[in-house]
Amino acid sequence: KAGVTQTPRYLIKTRGQQVTLSCSPISGHRSVSWYQQTPGQGLQFLFEYFSETQRNKGNFPGRFSGRQFSNSRSEMNVSTLELGDSALYLCASSLGSLWTGSAYEQYFGPGTRLTVT
Amino acid sequence: AQKVTQAQTEISVVEKEDVTLDCVYETRDTTYYLFWYKQPPSGELVFLIRRNSFDEQNEISGRYSWNFQKSTSSFNFTITASQVVDSAVYFCALVGVFGKGTRLSVIA
């Protein structure tokens, strides 16, 4: 079974630009979550999508948004990039939503390393 | 608000030593799930274990064992007879809330 794939793997952008990251979950998984990983803050939850609906959102500004398609693939968009947005962005898929009665384990992709200059 | 604390930032052990990684959590939920993940160097996070709040039995999987104690809100992870391949960052999580991780270095 193929794992979680993320594209692109590396990205360099300039302040003020916007960026779109893509994630393809494991086949059959309907939940996709996004995380930002930095040395200082660690892994921080951005949001989760399940069945094309955002189920939960972390404490990030509105510049961070996402969506999920009917095939469960997900995209994350960051607008008006800031230097502080430089990070590894991880996507994780799971069979069901994290925030239901039975939390599912997550399977992570390799991440997209975003550098903002 | 939920919170996970991994007080040990970095641990270094010599191969074959036992090592315990601490995890303390905070939640107001009566039903909750705890997880451990491993992130090897330049690698992807890998799921290790899931535990729900109603199951306080300790779990052992090979050289890995987990001790869950609701009374102290802790979910500690022990590696017995550590090996170089165990070198990684280990994360404890309360569903989508992750601790900052403990970097374990096992020296040959």
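If you read the sequences in order, they're chains A and B. Quick note on numbering: our numbering labels position 116 of the first sequence as 116, and the sequence is numbered without any gaps. All you need for our numbering is the position in the second sequence, starting with 1, plus 1000. Cβ atoms here follow ideal geometry from the backbone N, Cα and C, with glycine treated the same way.
At a cut-off of 8 Å between C-beta atoms, B/Phe-1075 does not count as an interface residue with respect to chain A.
Residue-level contact by beta carbon fails for A/Phe-64 and chain B, as no gap is shorter than 8 Å. Interface annotation for the segment 53–82 of chain A against chain B: Asn-56 and Gly-58, criterion Cβ-Cβ distance under 9 Å.
For the segment 85–111 of chain A, the set of positions with a beta-carbon nearer than 9 Å to some beta-carbon of chain B reads Leu-90, Ala-92, Leu-98, Trp-99, Gly-101, Ser-102, Ala-103, Tyr-104, Glu-105, Gln-106, Tyr-107, Phe-108, Gly-109, Pro-110 and Gly-111 in chain order.
Apart from sequence neighbours up to five positions away, the residues of its chain that approach B/Asn-1052 with a beta-carbon distance below 6 Å are Tyr-1033, ordered along the chain. At a beta-carbon threshold of 9 Å, the residues of chain A lying near B/Glu-1044 are Gly-3, Val-4, Leu-90, Tyr-107, Phe-108, Gly-109, Pro-110 and Gly-111, ordered along the chain. Of all residues in the segment 6–35 of chain A, those with a C-beta nearer than 9 Å to a C-beta of chain B are Ser-33 and Tyr-35, reading in chain order. For A/Asn-59, no beta strand (DSSP E) segment is defined, and its DSSP state is neither H nor E. It is roughly 28 Å from the alpha-carbon of B/Gln-1006 to the alpha-carbon of A/Thr-115.
For the segment 1052–1105 of chain B, the continuous beta strand (DSSP E) assignments of 3+ residues that do not extend past its boundaries occur at 1059–1061, 1064–1069, 1074–1079 and 1088–1094, in sequence order. Among the CB atoms of chain B, none fall inside 8 Å of the CB of A/Leu-114. Here B/Gly-1099 is buried: its Cβ has 16 or more other Cβ atoms, across all protein chains shown, within 10 Å. Separation of the CB atoms of B/Ser-1012 and B/Ser-1105 is rounded to 5 Å, and the pair is thereby assigned contact status at 8 Å. The beta-carbon distance between A/Ala-92 and A/Tyr-107, rounded to whole angstroms, is 6 Å. This is short enough to meet the 8 Å contact definition.
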